[in-house]
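*Asks:* So the protein sequences, as listed, match chains Z and R.
Numbering of the first sequence is given in this note's numbering, commencing with residue 1 and proceeding in unit increments.
Numbering of the second sequence is given in this note's numbering, commencing with residue 139 and proceeding in unit increments.
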Amino acid sequence: MDRRPILLVEDNEDDEVFALHAFEKSGVPNVVVVARDGQQALDRLLDPDVELPVFVLLDLKLPKVSGLEVLKRLRADSRARFVPVITLTSSTHDTDMRASYELGANSYVCKSLDIEAFTEHISVLARYWTGINMAIPD
Amino acid sequence: MRPLPVWSHVTHLLSPGSRAGRVVSASPSVAPMSGAILAFVVVIAAMTAILLLGFLMWVDYRHEVETAEAMTRNYAAILEARLEATFRRLETDLDELAARVPLAALNAEAAPRYEAAVHHILAQHLRNFPEVSGLRVTDASGERLYTSDPPGTPRSWLGDRAYFKAVRDDPAARLVFSEVLVGRVTGRNIVVVIRAIRDAQDVFRGTVFATVDLAHMEKLFQSLRVGARASFALWRSDNYTQVLRWPPSPDRVNVPLPEGSPVRAALSSGVRPATLEVRSFADGVTRIYALYKLERYPFFVGSGVSRDDTMEGWTKRALFVAIAALFVGGLVFGLLHRLWRAEGELLQFNVELEERVRARTADLENANRELEAFSYSISHDLRTPLRSIASYSRMVELDYAECLDAQGRKMLQRVHEAAKKMGVLIEDLLRLSRVTRAQMKIEAVSVTELAAGIAHELQRQEPGRNATFKIQPDMAARADPGLVAVALENLIGNAWKFASTRPVPYIEVGTVETGGDTVYFVRDNGVGFDMGYVGNLFAPFHRLHGEREFPGTGIGLATVKRIVERHGGRIWADAAVDLGATFYFTLGRQGGDHG
Chain Z
1 MDRRPILLVE DNEDDEVFAL HAFEKSGVPN VVVVARDGQQ ALDRLLDPDV
51 ELPVFVLLDL KLPKVSGLEV LKRLRADSRA RFVPVITLTS STHDTDMRAS
101 YELGANSYVC KSLDIEAFTE HISVLARYWT GINMAIPD
Chain R
139 MRPLPVWSHV THLLSPGSRA GRVVSASPSV APMSGAILAF VVVIAAMTAI
189 LLLGFLMWVD YRHEVETAEA MTRNYAAILE ARLEATFRRL ETDLDELAAR
239 VPLAALNAEA APRYEAAVHH ILAQHLRNFP EVSGLRVTDA SGERLYTSDP
289 PGTPRSWLGD RAYFKAVRDD PAARLVFSEV LVGRVTGRNI VVVIRAIRDA
339 QDVFRGTVFA TVDLAHMEKL FQSLRVGARA SFALWRSDNY TQVLRWPPSP
389 DRVNVPLPEG SPVRAALSSG VRPATLEVRS FADGVTRIYA LYKLERYPFF
439 VGSGVSRDDT MEGWTKRALF VAIAALFVGG LVFGLLHRLW RAEGELLQFN
489 VELEERVRAR TADLENANRE LEAFSYSISH DLRTPLRSIA SYSRMVELDY
539 AECLDAQGRK MLQRVHEAAK KMGVLIEDLL RLSRVTRAQM KIEAVSVTEL
589 AAGIAHELQR QEPGRNATFK IQPDMAARAD PGLVAVALEN LIGNAWKFAS
639 TRPVPYIEVG TVETGGDTVY FVRDNGVGFD MGYVGNLFAP FHRLHGEREF
689 PGTGIGLATV KRIVERHGGR IWADAAVDLG ATFYFTLGRQ GGDHG
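(1) If we require 3 or more residues per run, which beta strand (DSSP E) segments fall completely within the stretch 548 to 597 of chain R?
(2) Helix, strand or coil, according to DSSP, for residue 667 of chain R in the structure here?
(3) Taking DSSP's pairing of strands, which residues face residue 59 of chain Z in a bridge?
(4) Is it true that the CB of residue 275 of chain R sits closer than 9 Å to the CB of residue 346 of chain R?
(5) In chain order, which alpha helix (DSSP H) runs of at least 4 residues are fully inside the stretch 421 to 484 of chain R?
(6) For residue 277 of chain R, does the count of other Cβ atoms within 10 angstroms reach 16, so buried, or fall short, so exposed?
(7) So residue 524 of chain R contacts chain Z; which residues on that side make the cut at Cβ distance below 8 Å?
(8) For the stretch 47 to 62 of chain Z, list every residue whose C-beta sits within 7 Å of some C-beta in chain R, in sequence order.
(9) Residue 50 of chain Z to residue 42 of chain Z, Cα distance in whole Å?
(10) Just the Cα atoms here: how many angstroms apart are residue 665 of chain R and residue 7 of chain Z?
(11) Would you say residue 168 of chain Z lies against chain R (beta-carbon separation less than 9 Å)?
(12) Judging by CA-CA distance, which residue of R:359, R:313, R:366, R:397 is the nearest neighbour of residue 381 of chain R?
(13) Does residue 549 of chain R get closer than 9 Å to chain Z when you measure Cβ to Cβ?
(14) Whole angstroms are fine: how far does the CA of residue 424 of chain R sit from the CA of residue 188 of chain R?
(15) When we look at the beta-carbon of residue 361 of chain R and count the other beta-carbons within 10 Å, is it buried (16 or more) or exposed?
(16) With residue 231 of chain R and residue 201 of chain R assumed to form a contact (beta carbons below 8 Å), what rounded beta-carbon distance in angstroms separates them?
(17) From the DSSP output, in three-state form, read off residue 111 of chain Z for me.
(18) For a cutoff of 9 Å on Cβ pairs, would you count residue 558 of chain R as touching chain Z?
(19) According to DSSP, simplified to helix, strand and coil, what is residue 726 of chain R?
(20) Name the residues in the stretch 6 to 26 of chain Z whose C-beta lies less than 8 Å from a C-beta of chain R; which are they?
(21) Using 9 Å as the threshold, is the C-beta distance between residue 585 of chain R and residue 615 of chain R below it?
(22) Would you call the stretch 302 to 315 of chain R in contact with the stretch 251 to 270 of chain R, where contact means no fewer than 3 C-beta pairs closer than 8 Å?
(23) Which runs of the beta strand (DSSP E) at least 3 residues long sit entirely within the stretch 18 to 80 of chain Z? Give them in chain order.
(24) Examine the ligand ADP and report whether any of its heavy atoms sits within less than 8 Å of the Cβ of residue 394 of chain R.
(25) Measuring only the C-alpha atoms, how far is residue 218 of chain R from residue 190 of chain R?
(26) Identify the contact partners of residue 507 of chain R in chain Z, using a Cβ-Cβ distance below 9 Å as the criterion.
(27) Over what stretch of residues does the beta strand (DSSP E) that includes residue 380 of chain R continue unbroken?
(28) Whose CA, out of Z:112, Z:130, Z:15, lies closest to the CA of residue 562 of chain R?
(29) Please name the residue in R:708, R:441, R:182 whose C-alpha comes closest to that of residue 411 of chain R.
(30) So residue 253 of chain R is in the alpha helix (DSSP H); what residue range does that whole segment cover?
(31) Go through its chain and collect everything with a Cβ distance to residue 311 of chain R's Cβ below 8 Å, but skip five positions before and after it.
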């Protein structure tokens, strides 16, 4: 099991609550670090002195630096490029999903109105990236 | 992805690939071509008309010239006949006189004796002979013994005159004509015509001669006048001297025609009558002349009309035709000029129109981008608070149920349901917007397969319903498969919904052919509706049934209508309360606006 922290990048407080709720329900014991905008996330991810997260749950709509931009810079960084990223959007536009995968996201989750479905979706992904998938190099 | 116009009819008018766009770009290349052909035809027609007119005028000119030539020939012939007759009569008279004057009277001593008798004879012959002003008789010496003049006229002697000598010395000479002389009695121009009197032994005994009054002939010429500048003339044919001319040219009398004169050349050629066009030495007028040589006497007559006078009518006509041709030509040129200018303006207008179309298209694309941003914003920003409401209410419901009584739980449930319903509404609105803007991809679509798939899915979701689906096999269309699927989902979904209260719901999907168009229909045996409300059936948010009875947002049929319209088709409905409803639609022949 990978016990490194999970990085949640989310500016909306309610959405932060729902995501944390989902992690709690998933039973994944990892610490969740929250970044409130894209710049904060990058500062942490690109700092060589800070441990890389086990995965990033990245909202696309963020203040300062957008989620897609964060993803792009992350994938361009030699150290952090293999960190798994799950993008998160409240829009139902296909374009967000396509752009996410094109920039190298590993998963894509739409913020559903159905909290149970959302919790289930996040739980599965959290369990996968912390426990099931062991093939990601450090 | 290129943003798309919101309204399909706007797309028709303004997008560069649409029919309107093609018309605009085609007309500038077509219009000048037709203009060039028109101009070519007009120029050819004008040239033909000018050539034809020219030919007609030339024929007219030839006709006028021939008429003038014929006229001058006729006048010349009249003059010739008149003069020939006069000279014949004169010759006959002189012959007769030569026979009647007794030889014995031809000496000066006998003259007083014979005077009365000879005078009588002479006077007799002179009567009714206006061309001759006098008749006289001489003896062999040239002494004039008798005359037709009144008694007492002084005697004269002609022995030294050339014409006397000519008639005396040449026994073969029958009749001799003098040059033009001035009459001693009248002071007028005369010509002496003289004849010898010889006895049985052919001895020259005297002469008898006549003075021909040229004034009388001049009157004849005058009486024949045709046109102000007509001309008549009498020349000697032996030495080409002028005897008489009208209009008068006294200084040329007895003067021979110059060597090389065309008249002299025509006369010596022997052609009779000769017709020629010649510029007069006397007055510089160019005339069409006809020349006749007298048969027995050494004269020829000429009759001429001024070419300018003769051609006056023709010249006027030619002038009129030329002015008319110029006028018509100017008119044609003016029309062509205006046509060309209009064409230029049309070209300019088309360029401006295309520019405007481009500008409008750019505006429209801008508006579409804004709309895209707006709908993105709706789907994101509107859903975010909604998600909080839905999620929190559900979380409380799940995790804190024991803290609430039944009433509280129920109210919380209502909050959750309302939030979800609003979520569906937003989704439907977004779909309507997407259906309007999505780029269309026209391809072969199996409507049967789509309908069967939807029916299967509905039955899978609610297996408890005992519904009957009748789907016509082999329904095909050329359309956008995604949009047709959305339309069928809505229509079949509606049928499924409104037939749900029936013991055996029946849903039919099929086609009918009307006027060469394939009309698709979706029929159910559901609750139907009152046709009185059909007017608002396809408007967004409009519902004919209560939310309690049948859930829905009222956007489904508006979406279907958009889809059908984007394909260039029509949609309409037929229903009755409790007797089911049928929705008909067409998909256009070429598959609509192509995005």
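C-beta atoms are modelled at their ideal positions from N, C-alpha and C, and glycine is treated no differently.
*Replies:* Taking the structure as given:
(1) 581 to 584, all fully within the stretch 548 to 597 of chain R.
(2) One-based indexing of the second sequence puts residue 667 of chain R at position 529. Three-state result, residue 667 of chain R: coil.
(3) Walking along the first sequence from the start, residue 59 of chain Z turns up at place 59. Per DSSP, Z:88.
(4) Along the second sequence, read from residue 1 onward, the residue named residue 346 of chain R stands at position 208. Along the second sequence, read from residue 1 onward, the residue named residue 275 of chain R stands at position 137. A contact, by the Cβ cut-off of 9 Å.
(5) Given a length threshold of 4 residues, each whole run of the alpha helix (DSSP H) inside the stretch 421 to 484 of chain R is given here in chain order: 445 to 448.
(6) On the second sequence, position 139 is the one that residue 277 of chain R refers to. Classification of residue 277 of chain R: buried, given that the 10 Å Cβ count is 16 or more.
(7) Position 386 of the second sequence, counting from 1, holds the residue named residue 524 of chain R. Those are 113, listed as they occur along chain Z.
(8) Of all residues in the stretch 47 to 62 of chain Z, 61 have a Cβ within less than 7 Å of some Cβ in chain R.
(9) Stepping through the first sequence from its first residue, residue 50 of chain Z is reached at position 50. Stepping through the first sequence from its first residue, residue 42 of chain Z is reached at position 42. When rounded, the separation of the alpha-carbon atoms in residue 50 of chain Z and residue 42 of chain Z is 11 Å.
(10) Position 527 of the second sequence, counted from the first residue, corresponds to residue 665 of chain R. Position 7 of the first sequence, counted from the first residue, corresponds to residue 7 of chain Z. Rounded to whole angstroms, the separation of the alpha carbons of residue 7 of chain Z and residue 665 of chain R is 54 Å.
(11) No answer is possible for residue 168 of chain Z: it lies beyond the span of chain Z, which begins at 1 and ends at 138.
(12) One-based indexing of the second sequence puts residue 381 of chain R at position 243. Nearest of R:359, R:313, R:366, R:397 to residue 381 of chain R, Cα basis: R:359.
(13) Position 411 of the second sequence, counted from the first residue, corresponds to residue 549 of chain R. Cβ-Cβ to chain Z under 9 Å: no for residue 549 of chain R.
(14) The residue you call residue 188 of chain R lines up with position 50 of the second sequence. The residue you call residue 424 of chain R lines up with position 286 of the second sequence. In a straight line, the C-alpha of residue 188 of chain R is about 29 Å away from that of residue 424 of chain R.
(15) The residue labelled residue 361 of chain R in the question sits at position 223 within the second sequence. The residue in question, residue 361 of chain R, is exposed, as its Cβ has fewer than 16 Cβ neighbours within 10 Å.
(16) Your numbering for residue 231 of chain R matches position 93 in the second sequence. Your numbering for residue 201 of chain R matches position 63 in the second sequence. Actually they are not in contact, since the Cβ atoms of residue 231 of chain R and residue 201 of chain R sit about 45 Å apart, beyond 8 Å.
(17) By one-based count along the first sequence, residue 111 of chain Z stands at place 111. Residue 111 of chain Z falls in the coil class under three-state DSSP.
(18) Counting from 1 along the second sequence, the entry for residue 558 of chain R is found at position 420. It does: the Cβ of residue 558 of chain R has a partner Cβ on chain Z nearer than 9 Å.
(19) By one-based count along the second sequence, residue 726 of chain R stands at place 588. Residue 726 of chain R: coil per DSSP, three-state reduction.
(20) Listed by position, the residues of the stretch 6 to 26 of chain Z near chain R (Cβ gap below 8 Å) are 12, 14, 15, 18, 21.
(21) If you number the second sequence from 1, residue 585 of chain R lands on position 447. If you number the second sequence from 1, residue 615 of chain R lands on position 477. Taking a C-beta distance under 9 Å as the contact criterion, residue 585 of chain R and residue 615 of chain R qualify as a contact pair.
(22) Remark: fewer than three beta-carbon pairs, one from each stretch, lie closer than 8 Å, so the stretch 302 to 315 of chain R and the stretch 251 to 270 of chain R are not flagged as touching.
(23) Taken in chain order, the unbroken stretches of beta strand (DSSP E) that lie wholly in the stretch 18 to 80 of chain Z and span 3 residues or more are 32 to 35, 55 to 59.
(24) As for the ligand ADP, it is missing from this structure, which has no ligand bound.
(25) On the second sequence, residue 218 of chain R is found 80 positions in, with the first residue counted as 1. On the second sequence, residue 190 of chain R is found 52 positions in, with the first residue counted as 1. The straight-line gap from Cα to Cα measures roughly 42 Å.
(26) The sequence position of residue 507 of chain R within the second sequence is 369, counting from 1. Chain Z residues near residue 507 of chain R: none, gap ~13 Å exceeds 9 Å.
(27) The residue given as residue 380 of chain R occupies position 242 in the second sequence. 380 to 384 is the span of the beta strand (DSSP E), which, as asked, contains residue 380 of chain R.
(28) Taking the second sequence and counting its residues from 1, one reaches residue 562 of chain R at position 424. Nearest Cα to residue 562 of chain R within the set Z:112, Z:130, Z:15: Z:112.
(29) Stepping through the second sequence from its first residue, residue 411 of chain R is reached at position 273. Comparing Cα-Cα distances from residue 411 of chain R to each of R:708, R:441, R:182, the minimum goes to R:441.
(30) Your numbering for residue 253 of chain R matches position 115 in the second sequence. Counting along the chain, the alpha helix (DSSP H) containing residue 253 of chain R begins and ends at 249 to 264.
(31) Numbered from its first residue, the second sequence carries residue 311 of chain R at position 173. Shown here for residue 311 of chain R: same chain residues with a beta carbon closer than 8 Å to its own, the five before and five after excluded, namely 304, 305, 334 in chain order.
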